[in-house]
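Inspection log for the structure reproduced underneath, given as structure tokens.
Numbering (the working numbering), first residue to last: 28 to 661.
Put into structure tokens, the structure is as follows:
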């Protein structure tokens, strides 16, 4: 038997690209009769070698200001150092980048990889494309993937089953190396009883004829008249690779009780102060946090910290109750690779410790808040008994239901519990949630003090938003990390990690003018900048802070409501500083159109108050010369 094979590489910071890549593998296996080796980009030279691969597809996001994701940095350094212009001349490739046009370096990692592959002699066999989260990733991702299959089949080489890369012996060897078969034989034997039924390939197209004709409610998430009579094209059911079992703990076994993190270089700190900076009538609360550093923690102004947080305990309890698992909350979760696994890349989830309770896993390890991806919705169909509810879940994960998925799920950011509350007969099993829900990731906050100002302490601020019961949300909530921080007792330990931002630093010379633009809590890093400079020169003698402009968007009678208003009002002076004095521009804050609006406004004042002929080219020059620096978050 002859199969066609290619390598699929992904770079992912939050798990989005990983999920898409795994979906591609499922489609290739179920519908296209293709063989894919799936690897992280940073698996280069460990699991695969670029020199040996004739066809590669890359799916990657960007992080920070267009930087590679954490599992792609090694790969990027490798191809950046390569000098041979024919290094990849044997290879055909294509790239799918995920990003957000609210960032100036939209899809920068994907675009840089695409350009670098071309520079090293590789041939693009299918146009690379860039998906925009600002309008919905699916609008680009799904058509691009649909067009990928016929193009890749034209150029794929054939490989036989006795190829050592695909041999069963090699697969088993890889699994053994990844310590996936290290579980005791007795446990593995008991797990075999939990092996899943084989996925059916006969559900790619779903007709409407099986649905009941009962009247629908006004719940737009559950019912839509626009696609109710259409035949649906469903994604294949993702293949399982794990077996999961709940076991009552033995007396000698002690489950995890402390916060668990798999991140490297995690430091311990203590919460010593929390203060609300806004008045009671404010639409959102802005909180100030002070942490005492228990370990040595090196940072510079412009860096951020990653907070290792927990899910809301009440929300976890509600979820376990909805699933009928409350009585099993203290049982231990045991996970092994399924004996029937066919995934070569199968591995145990690194974000769940070897010995933890069911509640611990959902409280500390699993992301239960983010919007469910389509592959999970596809699996939920199989656990839903009501035919109308099944149909609607099929619509939401189908190609034809992409607009509904964006409108009713992504835009409103519905959680797992929201979906289960809407679809009453949906009862997923533990194995599905453990294997396919993404890990709970750390949250980033800009440090707002200088290490020269208060060495053993770190300050940061955050906004506490309330998300009410509306737009499909079935319970009130705050942000995951901000809610957790707001409820922590003073004196509690908090695990943190430094996120170094080399692209958001003070200049080496203090004579260069600085223009710092920070809407809302975006002012945080600039406080650290000023404190840092203050240790070198005093405010009084150096005239460091020459202008301070305050905007108040919530005050209707306030003359300057947005930072853009101040930029326009002071356009002549700002243009002089930027064009004549070569000032550095720092922009920090929430993306929600802010960064794009600020950038456009700066372009407008330069056009009005300078003799620059091509503003777009000049703005690009500011980027490349690192004079326009951003620290933007979503």
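We treat Cβ as the ideally placed atom computed from N, Cα and C, and that holds for glycine. Source: prediction; values computed, not measured.
query, result
"On the three-pair Cβ rule with 8 angstroms, is the stretch 372-379 touching the stretch 481-491?", "no"
"What residues in its chain sit with their C-beta under 7 angstroms from that of residue 81, if we drop five residues either side in the sequence?", "117, 118, 119 and 184"
"Since residue 359 and residue 382 should fall inside the 8 angstroms C-beta cutoff, what is the C-beta to C-beta distance between them, to a whole number of angstroms?", "6 angstroms"
"Measure the Cβ-Cβ separation of residue 101 and residue 122 and say whether it is below 8 angstroms.", "no"
"Residues in the same chain with beta-carbon distance under 6 angstroms from residue 515, minus the five sequence neighbours each way, listed in chain order, please.", "298"
"Report yes if the CB atom of residue 372 is closer than 8 angstroms to the CB atom of residue 267, and no otherwise.", "no"
"Could you pull the DSSP bridge partners for residue 655 from this structure?", "612"
"Assuming residue 77 contacts residue 115 under a Cβ cut-off of 8 angstroms, what Cβ separation, rounded to an integer in Å, is found between them?", "7 angstroms"
"When you compare only the Cα positions, how much space is there between residue 525 and residue 660?", "16 angstroms"
"Sorted by chain position, which residues of the same chain lie with C-beta nearer than 8 angstroms to residue 223's C-beta, five sequence neighbours on each side aside?", "Interpretation of residue 223 is limited by its pLDDT of 30, a score under 50 that renders its predicted location unreliable; the figure taken from the coordinates is listed afterwards. Result list for residue 223: 267, 365, 367 and 458, in chain order."
"By the three-class DSSP mapping on this structure, what secondary structure does residue 266 have?", "coil"
"Below 7 angstroms CB to CB, which residues in the same chain sit around residue 59 once its five sequence neighbours on both sides are set aside?", "176"
"Using a Cβ-based criterion (distance less than 7 angstroms to any ligand heavy atom), does residue 607 qualify as near the ligand FMN?", "Ligands are entirely absent from the displayed structure, and the ligand FMN is therefore not among its contents."
"Just the Cα atoms here: how many angstroms apart are residue 173 and residue 167?", "10 angstroms"
"Could you check which residue in 653, 450 and 603 has the C-alpha nearest to that of residue 528?", "653"
"Between 592, 604, 600 and 151, which has its C-alpha nearest residue 627's C-alpha?", "592"
"For residue 124 versus residue 134, is the C-beta spacing smaller than 8 angstroms?", "yes"
"Just the C-alpha distance for residue 486 and residue 337, rounded to the nearest angstrom, thanks.", "20 angstroms"
"Taking C-alpha atoms, which residue in 153, 658 and 489 lies nearest to residue 314?", "489"
"Do residue 469 and residue 658 count as a contact pair if the criterion is CB distance below 8 angstroms?", "no"
"Pull the bridge partners of residue 453 from the DSSP assignment, please.", "411"
"By a C-beta neighbour count over all protein chains shown, 10 Å radius and 16 as the cutoff for buried, is residue 195 buried or exposed?", "Confidence at residue 195 is low in this model, with a pLDDT of 38, below 50, so the placement of that residue should be treated as unreliable; the coordinate-derived value is given next. With fewer than 16 other Cβ atoms within 10 Å, it is exposed."
"Using 8 angstroms as the threshold, is the stretch 339-354 in touch with the stretch 489-508, meaning 3 or more CB pairs across them?", "yes"
"Touching or not, the stretch 44-60 and the stretch 253-266, by the rule of three or more beta carbon pairs under 8 angstroms?", "yes"
"Which runs of the beta strand (DSSP E) spanning at least 3 residues fall entirely within the stretch 413-441, listed in chain order?", "none"
"Going by beta carbon distance, what residues of the same chain come within less than 7 angstroms of residue 106, once the five residues before and after it are set aside?", "143 and 147"
"What are the partner residues of residue 126, as DSSP defines its beta bridges?", "159"
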